[in-house]
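Per this note's numbering, the very first residue in the sequence shown carries number -10; after that it's consecutive.
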Amino acid sequence: MPCYLFTFHAYGTWLPDKQKGYVVRQEGVLKRDERKATLYRNQMSQNAASFSGDTQQLIVEILQHGAVAIDSRLHSVATDPTHCHVLLSWKDESRPWLKLRTSLKKALSLRQKKRSKSRSGSVAARHANG
């Protein structure tokens, strides 16, 4: 039975100038790089996000429902203002972990977008409110 720990970060919260370094897919944890952090910040399309207490609770609820929808077991979720950790397992070993992670990430993103629209009313208002 595969069991994975996934981490989802709030937009713009894990940049290369982190004291502990930063992660690049298939390269692992890299040393702190302030020049690259500046480059990343300049490419950001919006302000860095953070998860309020209400948002953290919503994340847990989305993941609980999402795990059922993709026929998996959610063992644990830990959240803070910048990221969440998700411990997930599933019975079918032929199911690739990447597809399950992608499904959960999409569920989180879609719900957050829907929530933002209902709170602000328009795309312009969302960008103006940062």
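Even for Gly, the Cβ is constructed at its ideal location relative to N, Cα and C.
Original post:
How is Tyr0 classed by DSSP in three states: helix, strand or coil?
Top reply: coil
Original post:
Can you check whether the CB of Lys7 is closer than 8 Å to the CB of Arg21?
Top reply: yes
Subject >> Counterpart residues of Arg62 in DSSP-defined beta bridges >> reply: Ser78
Original post:
In terms of residue numbering, what span does the beta strand (DSSP E) encompassing Gly17 cover?
Top reply: Gly17 to Leu19
**OP:** Name the one or two DSSP bridge partners that His54 has.
**Re:** Answer by DSSP bridge pairing: none, since His54 is not bridged.
**OP:** Closer than 8 Å by C-beta to Trp86: which residues in its own chain qualify, once you throw out the five before and the five after it? Chain order, please.
**Re:** Pro(-9) and Tyr(-7)
Subject >> Of the residues Lys95, His72 and Gly55, the one placed nearest Ala37, counting alpha carbons only >> reply: His72
Original post:
By DSSP, does Ala67 sit in helix, in strand, or in coil?
Top reply: strand
Original post:
Since Phe(-5) sits in a beta bridge, which residues does DSSP pair it with?
Top reply: Val75
Original post:
Apart from the five residues just before and just after Ile48, which ones in its own chain have a Cβ nearer than 6 Å to its Cβ?
Top reply: Thr68 and Cys73
**OP:** Would you tell me roughly how many angstroms separate the C-alpha atoms of Ala113 and Arg104, rounded to the nearest one?
**Re:** Residue confidence is low: Ala113 scores 36 on pLDDT, short of 50, so the model does not pin down where it sits. No coordinate-derived value is stated.
Original post:
Can you find at least 3 beta carbon pairs, one from the stretch 81 to 99 and one from the stretch 59 to 67, that sit closer than 8 Å?
Top reply: yes
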